[in-house]
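*Asks:*
There are 2 protein chains.
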Amino acid sequence: MGEADDRGEPSRRRVGLKEVAREAGVSVKTVSNVVNGYVHVTPETRSRVERAIRELNYRPNLSARTLRQGRTGIIALAVPELDIPYFAELAKLIVTAAEARSWTVLIDQTEGRREREQLVTEGIRAHLIDGLIFSPLAMSAAELRDRTDDTPLVLLGERIHHGPADHVVVDNIAAAMDATRHLIELGRRRIAAIGAQDDAAGETGRLRLAGYRRALAAAGLPFDESLVISVDAYHRADGARAMAHLLGSGDPPDAVFCFNDLLALGALRTLLDRGVDVPGTVALAGFDDIEDGRYSTPTLTTITPDKEMIAQHALDLLAERMARRPARPAREVTVGHTLTRRESTLGRRRAQRD
Amino acid sequence: MGEADDRGEPSRRRVGLKEVAREAGVSVKTVSNVVNGYVHVTPETRSRVERAIRELNYRPNLSARTLRQGRTGIIALAVPELDIPYFAELAKLIVTAAEARSWTVLIDQTEGRREREQLVTEGIRAHLIDGLIFSPLAMSAAELRDRTDDTPLVLLGERIHHGPADHVVVDNIAAAMDATRHLIELGRRRIAAIGAQDDAAGETGRLRLAGYRRALAAAGLPFDESLVISVDAYHRADGARAMAHLLGSGDPPDAVFCFNDLLALGALRTLLDRGVDVPGTVALAGFDDIEDGRYSTPTLTTITPDKEMIAQHALDLLAERMARRPARPAREVTVGHTLTRRESTLGRRRAQRD
DNA sequence: CGGATTCTTTACAACGTTGTATACAACGAT
DNA sequence: ATCGTTGTATACAACGTTGTAAAGAATCCG
Chain C
8 MGEADDRGEP
18 SRRRVGLKEV
28 AREAGVSVKT
38 VSNVVNGYVH
48 VTPETRSRVE
58 RAIRELNYRP
68 NLSARTLRQG
78 RTGIIALAVP
88 ELDIPYFAEL
98 AKLIVTAAEA
108 RSWTVLIDQT
118 EGRREREQLV
128 TEGIRAHLID
138 GLIFSPLAMS
148 AAELRDRTDD
158 TPLVLLGERI
168 HHGPADHVVV
178 DNIAAAMDAT
188 RHLIELGRRR
198 IAAIGAQDDA
208 AGETGRLRLA
218 GYRRALAAAG
228 LPFDESLVIS
238 VDAYHRADGA
248 RAMAHLLGSG
258 DPPDAVFCFN
268 DLLALGALRT
278 LLDRGVDVPG
288 TVALAGFDDI
298 EDGRYSTPTL
308 TTITPDKEMI
318 AQHALDLLAE
328 RMARRPARPA
338 REVTVGHTLT
348 RRESTLGRRR
358 AQRD
Chain W
8 MGEADDRGEP
18 SRRRVGLKEV
28 AREAGVSVKT
38 VSNVVNGYVH
48 VTPETRSRVE
58 RAIRELNYRP
68 NLSARTLRQG
78 RTGIIALAVP
88 ELDIPYFAEL
98 AKLIVTAAEA
108 RSWTVLIDQT
118 EGRREREQLV
128 TEGIRAHLID
138 GLIFSPLAMS
148 AAELRDRTDD
158 TPLVLLGERI
168 HHGPADHVVV
178 DNIAAAMDAT
188 RHLIELGRRR
198 IAAIGAQDDA
208 AGETGRLRLA
218 GYRRALAAAG
228 LPFDESLVIS
238 VDAYHRADGA
248 RAMAHLLGSG
258 DPPDAVFCFN
268 DLLALGALRT
278 LLDRGVDVPG
288 TVALAGFDDI
298 EDGRYSTPTL
308 TTITPDKEMI
318 AQHALDLLAE
328 RMARRPARPA
338 REVTVGHTLT
348 RRESTLGRRR
358 AQRD
């Protein structure tokens, strides 16, 4: 009864439409039709084919399909690191939103290294992905503009005016102003900022710093350079170190605006570790509204960007770009943000009342 | 000076080896040889081809390559949710380790839903991935055994003896015992457990509960069912709720072992929010050692599984399975763990001394 | 009953790539 | 001069799929 020359597993030969067709006694195309739910197939044929499929344990070959159809249904999401909660949360939302379009998401980690970012934008995955959503860290606007790959691209979180690609942003300046103003309204006067970046091609740090300065200016508060702390990265450890530095200096601040929540949580750790009352002595605000900040003690006041909308718009822009291929001018979409007031600025009592 | 009948972009035709070959005046195979760095190509030919490649902006088509070669270089990682820090950290490690083998990782989120887990293990991605690393939540051992797809599979974190697939586990029972014993050695006597699961096909909760009970028994402590709290999921919110429940009951515990760090962080939030001293009044231990727990106040005592090793072994097993295809018996690898003592059990002073 | 329509199935080609086999040229050793 | 070796380039086939066209069978309409 057939199949005898291969020792080992019984039916472990490659099986494609051809094999199924032979087994069912029909043409390859008919099998294909069954697989794809084409309507004009007699019930008998269909069931015969289906039996053969089950018998041979057939699975369609997606690569072949892709080759034939010219599209893969896969998009890539390139982020610095997956274990940064903000990106993890965003990745989740994007994956979920992509499913609604029957797209699969492949995630690339750039580690914020320029060379890796370049590989990604230059299309190492060419023809394997239909589009790319990219959150740049090291690459500058100019570099981005020069890319030769023509995979549809959507940028996240950078404001590259007249840039080479669509992008989705939050209004970093306005948001940073909101956070800073909130601290000011609480009566704080020596407000530090953690998260400036000396090198960084990226705009994020620069824009949030600008917002911070503008809010100070609007309130008539002096800008004190010694209250601005630069960091290498936006991780908890950097925030903790920066806060230690601030506390170590002669005249510590009475509030700190951290350019993201991880920095803030690191700073919080340092403060509490040294017995500093938060927000009593030092009030603290972050940016991103990651889940951790909702469960810290005190809970973290932060800027809440509309992450669902970021995911949504990124996919919308990508879809558009994929459809009508050639030059339509790059578009920028700004998603909303809100200031979420929690205990790290309001204190326990007021936070619970609101 | 061709290309005139397509309005719009200049060279936006599909370009494959064929087009490059025509442009360079060589055969398709020669272009392929150049692209793949084949040595026996004259410098002139090579540079002519390279110029054509640049000129036409050629990118190799990975789908075609895949189809031809029968392997994609892509493996899938299926986890419940990407924004659970443990999985995010693991995903990062796996992606990094996979790179060393020139594999790309595609991440699937199952949301812990059986139907989605089944799709993944039944090979929706057949022939698109060379292997699958899967962290099951809803599917039982039996269901897993029945799968008909033959994509190489490695399971994470479940102990399915004589299972249908290789798996990498931590010794959940031993680890849970370690954590519980630590609490006992600190003099705690009413030790609660948060994280049992009523439904769950998964073993994790059951095993950690078993370890907890065994440690109690070994110390001659009574097992009090009212101190075991079941949860729906392993998120912060569940931990917070469970802790509230424990505090609400008449006789609260003096220590809590949470079956993962998120539960512990949620519990911690509830404790601190109600002004309970940790670890003074209630000591707290978790499981996973996610980064959040290193920056909470107090820092979180936890079981530290060797995540690098989990990633490493998962890939090793997968590689083996991919190489010698047919039935070699399923293998189980147990990776090490340690108990990381921090402030949530030792208190500030002792934690800093150690 | 004849012609038009619909149903069902099929053959063929093409998507872009690379392994194999082969051809010819150039070269070195005898 | 001859043979074998190496270098360089090529043609062909195949990977598995599906859109197109087309053919024969069944059905409908007047």
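So the sequence lines, in the order shown, correspond to chains C and W.
Here our numbering is used: the first residue of the first sequence is 8, the next is one more, and so on.
Here our numbering is used: the first residue of the second sequence is 8, the next is one more, and so on.
Ideal Cβ placement from N, Cα and C applies to all residues, glycine included.
Please read all numbers here as calculations on a predicted model, not as lab measurements.
Mind pulling the beta strand (DSSP E) runs of 3 or more residues that sit fully within the region 78 to 158 of chain W?
*Replies:* 81 to 86, 111 to 116, 138 to 141
*Asks:* How many angstroms separate the CA atom of W/L97 from the CA atom of W/E315?
*Replies:* 8 Å
*Asks:* Would a C-beta distance cut-off of 8 Å place W/I82 and W/V48 closer than the cut-off?
*Replies:* no
*Asks:* Should W/E298 be flagged as near chain C, meaning a C-beta pair shorter than 8 Å?
*Replies:* yes
*Asks:* Over what stretch of residues does the beta strand (DSSP E) that includes W/I60 continue unbroken?
*Replies:* Note, W/I60: premise wrong, no beta strand (DSSP E); alpha helix (DSSP H) at 50 to 63.
*Asks:* Indicate whether at least one CB of chain C lies closer than 8 Å to the CB of W/K314.
*Replies:* no
*Asks:* How long is the line joining the alpha carbons of C/P17 and W/T211, rounded to whole angstroms?
*Replies:* At C/P17 the pLDDT is 38, less than 50, meaning the model places this residue with poor confidence; the figure from the coordinates comes in the next sentence. Roughly 35 Å between the two C-alpha positions.
*Asks:* Where W/R14 and C/W110 are concerned, what is the direct C-alpha to C-alpha distance, given to the nearest angstrom?
*Replies:* Residue placement at W/R14 cannot be trusted, given a pLDDT of 28 that sits under 50; the coordinates are not used to answer.
*Asks:* Is W/A11 close to chain C? Criterion is C-beta to C-beta, closer than 8 Å.
*Replies:* For W/A11, the predicted structure reports a pLDDT of 29, less than 50, and the residue's modelled location is therefore unreliable. A value from the coordinates is still provided. By this cut-off, W/A11 is not an interface position.
*Asks:* Could you please give me the residues that DSSP links to C/I198 through a beta bridge?
*Replies:* C/A262
*Asks:* For W/A244 and W/A274, which I take to be in contact (beta-carbon distance under 8 Å), what is that distance rounded to the nearest angstrom?
*Replies:* With 8 Å as the limit, W/A244 and W/A274 do not qualify as a contact, their Cβ atoms being about 11 Å apart.
*Asks:* Which residues in the same chain have their Cβ closer than 8 Å to the Cβ of C/V289, if we skip the five residues on either side of it in sequence?
*Replies:* Correct list, in chain order: P259, P260, D261, A262, V263, L278, V283.
*Asks:* Could you tell me which of W/A358, W/S351, W/E129, W/Q319 sits nearest to W/A107, measuring between CA atoms?
*Replies:* W/Q319
*Asks:* Would C/Q125 count as contacting chain W if we go by Cβ distances under 8 Å?
*Replies:* At least 8 Å separates the CB of C/Q125 from every CB of chain W.
*Asks:* Comparing alpha-carbon positions, which option in W/R21, W/R20, W/Y65 lies nearest W/V41?
*Replies:* W/Y65
*Asks:* Short of 6 Å in beta carbon distance, which residues of its chain neighbour W/V56, apart from the five on each side in sequence? Order them along the chain.
*Replies:* A31, V38, V41
*Asks:* In chain order, what residues of the region 238 to 249 of chain W put their CB closer than 9 Å to some CB of chain C?
*Replies:* H242, R243, A244, G246, A247
*Asks:* For C/K36, does the count of other Cβ atoms within 10 angstroms reach 16, so buried, or fall short, so exposed?
*Replies:* With a 10 Å radius around the Cβ and a threshold of 16 neighbouring Cβ atoms, C/K36 comes out exposed.
*Asks:* If you count every other CB in all the chains shown that lies within 10 Å of the CB of W/T309, and 16 or more means buried, which is it?
*Replies:* buried
*Asks:* Going by Cα to Cα distance, which pick from W/C265, W/V235, W/D239, W/L162 is closest to W/S256?
*Replies:* W/V235
*Asks:* Bridge partners for C/G293 per DSSP, in chain order?
*Replies:* Bridge partners of C/G293: C/T309.
*Asks:* Please look up how many angstroms separate the CB atoms of C/A159 and C/L151, rounded, as I've assumed it's under 8 Å.
*Replies:* As written in the sequence, residue 159 of chain C is Pro, which differs from the Ala given in the question. Not really, about 14 Å apart at Cβ, beyond 8 Å.
*Asks:* When DSSP builds the beta bridges, which residues end up paired with C/A203?
*Replies:* C/S237
*Asks:* What distance in whole Å lies between the Cβ atoms of W/E298 and W/P87, which are believed to be in contact at a cut-off of 8 Å?
*Replies:* No, W/P87 and W/E298 are not in contact; Cβ-Cβ is about 19 Å, not under 8 Å.
*Asks:* Where does W/T304 fall in DSSP's three states?
*Replies:* coil
*Asks:* Anyone know if the C-beta pair for C/F266 and C/R196 falls short of 8 Å?
*Replies:* no
*Asks:* Checking contacts by CB at 8 Å: is W/H134 closer than that to chain C?
*Replies:* With a threshold of 8 Å between beta carbons, W/H134 makes contact with chain C.
*Asks:* According to DSSP, simplified to helix, strand and coil, what is C/M8?
*Replies:* Unreliable placement is indicated for C/M8, whose pLDDT of 31 sits below 50; no coordinate value is reported for it.
*Asks:* Identify which residue in W/R331, W/G80, W/L63, W/D295 has its Cα closest to the Cα of W/F94.
*Replies:* The residue with the shortest Cα to Cα distance from W/F94 is W/D295.
*Asks:* Taking only beta-carbon positions, decide if W/S303 is within less than 8 Å of chain C.
*Replies:* yes
*Asks:* Check whether the Cβ of C/D258 sits closer than 7 Å to any heavy atom of the ligand GTP, and report yes or no.
*Replies:* The ligand content of the structure shown is nil, which means the ligand GTP is not present either.
*Asks:* By DSSP's criteria, C/R185 is part of a beta bridge. Which residues make up the other side?
*Replies:* In the sequence as presented, Arg is not what sits at residue 185 of chain C; that position holds Asp. Answer is none; C/D185 lacks a bridge partner.
*Asks:* With a 10 Å radius around its C-beta and 16 neighbouring C-beta atoms as the bar for buried, classify C/G343 as buried or exposed.
*Replies:* Flag for C/G343 reads exposed.
*Asks:* Mind checking the region 92 to 114 of chain W against chain C and listing, in chain order, the residues whose C-beta falls within less than 8 Å of any C-beta there?
*Replies:* P92, A95, E96, A98, K99, V102, T103, T111, V112, L113, I114
*Asks:* Smallest Cα separation from C/H174: which of C/A337, C/A85, C/M250?
*Replies:* Nearest C-alpha to C/H174: C/A337.
*Asks:* Mind listing the chain C neighbours of W/T73? Cutoff is C-beta to C-beta under 7 Å, in chain order.
*Replies:* Below the 7 Å Cβ cutoff, chain C contributes S70 as neighbours of W/T73, in chain order.
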